[in-house]
Amino acid sequence: MSGLEQFQDRNVSQNYYRVKIEPYPKTPWEKFKRVVRKSLKPDLLIGLKITLLEMLRFNIHTIQYPKEKLPVSPRFRGIHRLLRLLESGNERCIGCGLCEKICISNCIRIDTKPDENGRKIPTEYTINFGRCIFCGYCAEVCPELAIVHGQEYEYASEQRAQFAMKEDMLTPLDKLKEQKEYPGFGAPTPAADKLIKKTPLAY
Amino acid sequence: MFEVVAFYLFAALTIVMFVITVTSKNALYAMSSLAAGMIFISAFFFLLDADFLGVVQIIVYSGAVMALYAFAMMFMDTTKEVKENNPPKKIVFFLSGMIALLLVLILLTPIISDKVKALYPMSDEIGNTEAVGIVLFTKYLVPFEVAAIMLLVAMIAGIILASKRMDESITLKIDQEIEQKGAE
Amino acid sequence: METAFIIETIVKILVVLGLFSALAGFATYVERKVLAFMQRRLGPMHVGPYGILQVLADGIKLFTKEDFIPQGAVRPIFMIAPVITAATAFIAMAAIPMFPEFTIGGYTVRPIISDMNVGLLFVLGVMGIGLYGPLLAGMASGNKWSLLGAARTAIQFLSYEVVTGLSVLAPVMIVGSLSLIDFNNYQAGGVGNWLVWKQPIAFILFLIAGFAETNRTPFDLLEHEAEVISGYATEYSGMRWGLFFIGEYANMFTIGFLVSLIFLGGFNDLWFIPGAIAILLKVFFFIFLFIWARASWPHVRPDQLMWLCWKVLMPIAVVNVVITGIVMMFF
Ligand code: SF4
Ligand code: SF4
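Protein chains in written order, with my numbering: chain A, 9 to 211; chain B, 14 to 197; chain C, 13 to 343.
Here it is as structure tokens:
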């Protein structure tokens, strides 16, 4: 299993098993018998054996973090990205302001103006990452799939405004080819085409 | 040369420690200096080549003072000074000083009059430990055994006094109480 | 002779101090690495090749950290407590014969600082005093977690000292001496003469009590993070904390030497291995065992600790002593 499937496999119950718990001893004699039984069982030695074998097998699982990184789920809610339309390269955001409205920590601020074609475009789009809780509501509510979450999880920065400006989040025009659709919150499901139904004319 | 220096050093240290024990108002100071004084006393045994007694002094008194610490921990806030209600009177100081002086005099007289003689002088063939053992199990056998029996009696009495409600589990009882409260 | 003796003793003291402080530092590195490997980790990797300089970095950190004394603490006792732990740990080593005698330029060196005829008792007694360090530290800190740590120190000391004494009594009866050199010479005839074959129960009891005396993992109640923050050491920082640390590791070495000397043939030659290397191997095995147990076993509750001591170990130790006495009387 790799990548996405690993994260999607939620069926963990297959490995469960029931632990047998013996009844608690009542009389002192039973207690004594249990103590003797438990002390003579090689449980402690088995514990030592396991750790020693682990050491000799040298099966190390450490990720040496700054040098190596684990892949994150594509649905991971990291630092936001503003996407562009794939064909024209125009910004997807239509300045509807829904994200600003829904944001529960009230940290999105947008400013819009009509462009020369009469379309509304955002001139400013900032997210205050000191307050954002990465809840994903903005991505979910956006009708244009414009504001989405990225994969970036190293938030530490020297300035408050880092990551937060529109030019930081917007896909640069020359990187348009590499822009990926976000499969997480708010994105259509993979089977969306099949699931959708024609609206009956009777409406 | 070394013996003399060490003797006076440890003598001074011991006296200072016990003076702190008696005069300090802070329980922690008092007990720590008591423990230190006890350990400094063992130095005299080492100086006299009585290694066994010195080590026994260390082991016994470190354990005993440790028990004192445990009591102090339970009874008072050891980081604060103890306020005494009735300040000690001058006469008490005077009398206890005189008693101490008398004791010293009583012990000094045989030494000054040169009448003191080692009953069981050290010999090189028998070690320290064996020498103690020989004295204990020949001359002082009866007092030794009587002391042992008395300690045994004290131990049994202590166990009986302490163990009256030993098989009751406090945590289980609290659980039961909570359940009863919940049922009400 | 007198001057030569004094110089020799001072040199020995300096060697023991320097060597075991360095070894304590190195043991922390080994402990981290071994623990890490047993838990499928890598341990320190960044400072120096394979993290070997981590010890140095820690040392610099400890020395340069602020020596902080909290306001509510009893200052002099708070300051002296770590010194007690470290000092007693090294004083205890004075009576341990570390290696066989050897000669440098015609001068015979006996690698023991003070050869007293009650060496064993001395080591155990002084190691016992070492527990005054945690006790005083905890009581002087003015912090409830420290106080709990101190209370646990008191009960652990008072109960496991009994087990140590009783368990070591049976070997003492067999050898008939309290001198560690006599113990060593008694087992001179090869592996078959080791006391562990005659006194297996005493060996196990002494080892268990050794874990408790050095407060290593199954019995590390004094400073168990999950229960009492850091126990007696909660308020300590910098080099004062470092002294506790050095004391603990020096005690581990002391217990390692003691067990090797009393039960495992000491510094006698082992097959083709010369004695000095044989005892080093044994000691390092015990250091490894301390770490190994820490990686494998959970720690016990305080009431289980008392239960184990008074209801299991002490009766077994007493019975062991009685049986040894009967066997010695009739055979
Ligand atoms: S990002 Fe989406 S929700 Fe927000 S203003 Fe633009 S189009 Fe509307
Ligand atoms: S993730 Fe949540 S908190 Fe952050 S900007 Fe979007 S709606 Fe606001």
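Cβ coordinates follow ideal geometry from the N, Cα and C atoms, glycine included. It should be emphasised that the depicted structure is a prediction, and the values quoted were computed from it without experimental measurement.
What three-state label does DSSP hand residue i in the structure shown?
i              : result
residue 9(A)   : Because residue 9(A) sits at a pLDDT of 47, beneath the cut-off of 50, its placement in the model cannot be relied upon, and the following sentence gives the value as read from the coordinates. Residue 9(A) falls in the coil class under three-state DSSP.
residue 149(A) : helix
residue 233(C) : helix
residue 261(C) : helix
residue 39(B)  : strand
residue 190(C) : coil
residue 323(C) : helix
residue 128(A) : strand
residue 346(C) : For residue 346(C) there is no data in the structure shown, the boundaries of chain C being 13 and 343.
residue 54(C)  : coil
residue 36(A)  : helix
residue 276(C) : coil
residue 209(A) : coil
residue 61(B)  : coil
residue 122(A) : strand
Which one of the options has the shortest CA to CA distance from residue i?
i              : options                           : result
residue 110(A) : 142(A), 198(A), 67(A) and 74(A)   : 142(A)
residue 103(A) : 182(A), 37(A) and 133(A)          : 133(A)
residue 29(C)  : 330(C), 263(C) and 279(C)         : 263(C)
residue 269(C) : 193(C), 87(C), 22(C) and 257(C)   : 193(C)
residue 178(C) : 100(C), 215(C) and 144(C)         : 215(C)
residue 19(C)  : 119(C), 81(C) and 146(C)          : 119(C)
residue 105(A) : 92(A), 98(A), 121(A) and 97(A)    : 121(A)
residue 6(C)   : 249(C), 301(C) and 97(C)          : As displayed, chain C neither begins before 13 nor continues past 343, which places residue 6(C) out of reach and without an answer.
residue 280(C) : 175(C), 112(C), 62(C) and 88(C)   : 112(C)
residue 98(B)  : 17(B), 166(B), 24(B) and 38(B)    : 38(B)
residue 201(C) : 228(C), 152(C) and 277(C)         : 277(C)
residue 48(C)  : 149(A), 70(A) and 166(A)          : 70(A)
residue 155(A) : 208(A), 101(A) and 185(A)         : 101(A)
residue 19(B)  : 34(B), 48(B), 56(B) and 46(B)     : 56(B)
residue 115(A) : 125(A), 140(A), 127(A) and 128(A) : 140(A)
residue 37(C)  : 27(C), 59(C), 65(C) and 16(C)     : 65(C)
residue 25(B)  : 123(B), 157(B), 49(B) and 67(B)   : 49(B)
residue 66(B)  : 141(B), 165(B) and 166(B)         : 141(B)
residue 100(C) : 141(C), 72(C) and 84(C)           : 141(C)
residue 183(C) : 168(C), 218(C), 173(C) and 172(C) : 218(C)
residue 186(A) : 50(A), 92(A), 39(A) and 145(A)    : 92(A)
residue 96(B)  : 30(B), 148(B), 72(B) and 36(B)    : 36(B)
residue 75(C)  : 245(C), 289(C), 255(C) and 316(C) : 255(C)
residue 58(C)  : 51(C), 52(C) and 69(C)            : 69(C)
residue 88(B)  : 174(C), 163(C) and 252(C)         : 163(C)
Decide if residue i is buried, meaning its Cβ has at least 16 other Cβ atoms within 10 Å, or exposed.
i              : result
residue 146(B) : exposed
residue 126(B) : exposed
residue 337(C) : exposed
residue 273(C) : buried
residue 9(A)   : A caution first: residue 9(A) carries a pLDDT of 47, below 50, which makes its placement in the model too unreliable to give a value.
residue 322(C) : exposed
residue 45(C)  : buried
residue 189(C) : buried
residue 37(A)  : exposed
residue 193(B) : exposed
residue 203(A) : exposed
Hey, could you find the ends of the alpha helix (DSSP H) residue i is sitting in?
i              : result
residue 176(C) : 156–187
residue 327(C) : 326–342
residue 209(C) : 207–210
residue 45(C)  : 14–50
residue 293(C) : 287–308
Uninterrupted alpha helix (DSSP H) stretches inside the stretch 42–120 of chain A (no shorter than 4 residues): 51–65 and 106–110
Counting only runs that start and end within the stretch 75–159 of chain B, where is the alpha helix (DSSP H) found for 4 or more residues in a row? 103–125 and 141–150
In chain order, which continuous runs of the alpha helix (DSSP H) of length 4 or greater are located wholly inside the stretch 131–200 of chain A? 145–149 and 174–177
List, from N- to C-terminal side, the beta strand (DSSP E) runs of 3 residues or more that fit wholly inside the stretch 60–142 of chain C. 114–116 and 119–121
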